[in-house]
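These notes concern the structure reproduced below.
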Amino acid sequence: MESGIKLNKEIANLIIKLCLSINELKKYCKSHDKEKHICFKNYEDIKNKMDEILRATNTRAMLIKIKELQGFTKSSLKLYKVLPIDYGGRDQTLQTLKVIENRLKILGKLISHQL
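Now the structure itself:
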């Protein structure tokens, strides 16, 4: 029982950290002018997918949504690396996307232990 409580706290803390990372991504997207639209659209998509995770009605649904966001984040990372986008927050944006991707991997593992 105590291990279940510890796991739930770990999941809750990780979800909070993910939300904070997504808000950090928003900050970087607002910090530049030239490519603002591309980055901000990406932030909105990630935020909306995170909202879907939080609205999931059960563990399986949550895991599916986590995997979807993981794939989207991975694709976004590849896109940012390839596109000739040059703005002040580019490196921070890439780093934040990597952090989000890694936290999603951990969250997926923690939640799959509950299945």
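So for the sequence shown, my numbering puts the first residue at 4; every next one is plus one. For glycine and all other residues, C-beta sits at the position ideal for the given N, C-alpha and C.
Nearest residue (CA-CA) to residue i, options the options
i             : options                      : result
asparagine 51 : Asn61, Thr62, Thr76, Lys33   : Thr76
glutamine 73  : Leu57, Gly111, Arg93         : Gly111
leucine 82    : Ile18, Cys42, Ala15          : Cys42
serine 115    : Tyr31, Arg93, Ala64          : Ala64
aspartate 94  : Lys108, Cys32, Asn26         : Cys32
serine 24     : Thr96, Lys9, Lys44           : Thr96
asparagine 45 : Asn16, Lys29, Lys9           : Lys29
threonine 99  : Lys20, Lys12, Leu57, Ala59   : Lys20
glycine 92    : Ile109, Ala15, Glu27         : Glu27
cysteine 22   : Lys12, Lys108, Ile109, Asp54 : Asp54
arginine 106  : Arg58, Ile14, Ile8, Thr60    : Ile14
DSSP state of residue i mapped onto helix, strand, coil
i             : result
glycine 92    : coil
leucine 86    : coil
arginine 58   : coil
glutamine 117 : coil
Cut-off 8 Å between Cβ atoms - residues of its own chain near residue i, not counting five sequence neighbours on either side
i             : result
glutamate 104 : Gln73, Thr76, Lys77, Leu80
lysine 84     : Leu97
leucine 17    : Arg106, Ile109, Leu110, Leu113
Contact set for residue i: own chain, Cβ-Cβ below 6 Å, skip 5 residues either direction
i             : result
glutamine 117 : Thr62
Sufficient close CB pairs (3 or more, under 8 Å) joining the segment 59–70 to the segment 42–49
no
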